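Residue numbers (the working numbering): 31 to 266. Here a beta-carbon is modelled for each residue, glycine too, at the ideal position from N, C-alpha and C. In this text the structure is predicted, and so the values were computed from the model without any measurement. A short write-up of the structure that comes next.
Written as structure tokens, this is what we have:
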């Protein structure tokens, strides 16, 4: 399963899924594309060098976004296309995401049980100031299974803290799978799957254009894996 969704940390990427936005008087649009050396999502390896475009619209706290990922080199991992609808008010946010992969079923409009490649996830979060918390749970689609072989309602909880240091913007993240599921590296119980630290810096190219560059370290204590991430973002 598969989103550096900003720096290989989840979910990083989809417009306004994990962010708090203030009410606007007009529709706002955004478009961008991340180029990453590898795609790591919630501590899991999901692909090599990839391009990850995103497109979003927001209005008065409501937002809808599209996000995708395609490998540029090996092309051994599934392509991904996600749609997200979310709402934010103050420091509180909720959202629903439809994740789709072109494997095991390459037909996008196939939603039949046990055949679909879609995964539907709901999330709820709050920004406490010094750190933010998000809880994600799959409620339909091609979910993993628990120890009994039943739908796991796979969940993931994440705490993240942004800060500045040395002229860079940093983000520290800790994420864990609270229940047994085959979706997250076959977690048999509670498992810490993501401990990461990333940094971002805008490089000024011209008076009207800058290039955000990022790098970071992501580790998965559950699988004892570690990854070094880097990339850049193109946006108007």
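Cβ of residue i within 8 Å of Cβ of residue j?
| i | j | result |
| --- | --- | --- |
| residue 80 | residue 89 | no |
| residue 191 | residue 206 | no |
| residue 73 | residue 101 | no |
| residue 202 | residue 177 | no |
| residue 259 | residue 231 | no |
| residue 255 | residue 249 | yes |
Answer with buried or exposed for residue i, where buried requires no fewer than 16 other C-beta atoms within 10 angstroms of its C-beta.
| i | result |
| --- | --- |
| residue 275 | This structure cannot speak to residue 275, because the chain is shown only from 31 to 266. |
| residue 112 | buried |
| residue 59 | exposed |
| residue 52 | The pLDDT assigned to residue 52 is 44, lower than 50, so where the model puts this residue is not dependable; a value taken from the coordinates is nonetheless given after this. Residue 52 comes out exposed. |
| residue 104 | exposed |
| residue 55 | exposed |
| residue 57 | exposed |
| residue 163 | exposed |
| residue 138 | exposed |
| residue 99 | buried |
| residue 47 | Residue confidence for residue 47 is low, a pLDDT of 39 falling below 50, so the modelled location carries little weight; the figure read from the coordinates is stated next. Buried is the call here. |
| residue 319 | Outside the shown range of the chain, which is 31 to 266, sits residue 319, and nothing can be said about it. |
| residue 223 | buried |
| residue 12 | Outside the shown range of the chain, which is 31 to 266, sits residue 12, and nothing can be said about it. |
Just confirm the distance between the C-beta atoms of residue i and residue j, as a whole number of angstroms; I'd bet it's less than 8 Å.
| i | j | result |
| --- | --- | --- |
| residue 116 | residue 93 | 5 Å |
| residue 204 | residue 227 | So it is not a contact: roughly 10 Å between Cβ atoms. |
| residue 229 | residue 252 | That pair is no contact at about 24 Å. |
| residue 166 | residue 186 | 5 Å |
Using a Cβ-Cβ cutoff of less than 6 Å, which residues in the same chain neighbour residue i once the five nearest sequence positions on both sides are dropped?
| i | result |
| --- | --- |
| residue 119 | 91 |
| residue 174 | 182, 184, 211, 212 and 213 |
| residue 132 | 108 and 109 |
| residue 257 | 70 and 248 |
| residue 85 | 61 and 96 |
| residue 200 | 193 and 229 |
| residue 140 | 146 |
| residue 39 | Bear in mind that the predicted position of residue 39 carries a pLDDT of just 36, short of 50, making it unreliable; the figure below should be weighed with that in mind. Hits under 6 Å: 203 and 226. |
| residue 243 | 231, 233 and 262 |
Please list, in chain order, all residues of the same chain as residue i whose beta carbon is under 8 Å from its beta carbon, the five residues on each side excluded.
| i | result |
| --- | --- |
| residue 219 | 209 and 210 |
| residue 169 | 150, 151, 152 and 183 |
| residue 75 | 68, 69, 255 and 257 |
Among the residues of its own chain, which have a CB less than 7 Å from the CB of residue i, if the five just before and after it don't count?
| i | result |
| --- | --- |
| residue 65 | 81, 261 and 262 |
| residue 172 | 146, 147, 148 and 149 |
The segment 148-168 contacting the segment 111-128, beta-carbon criterion three pairs below 8 Å:
Short answer: they touch.
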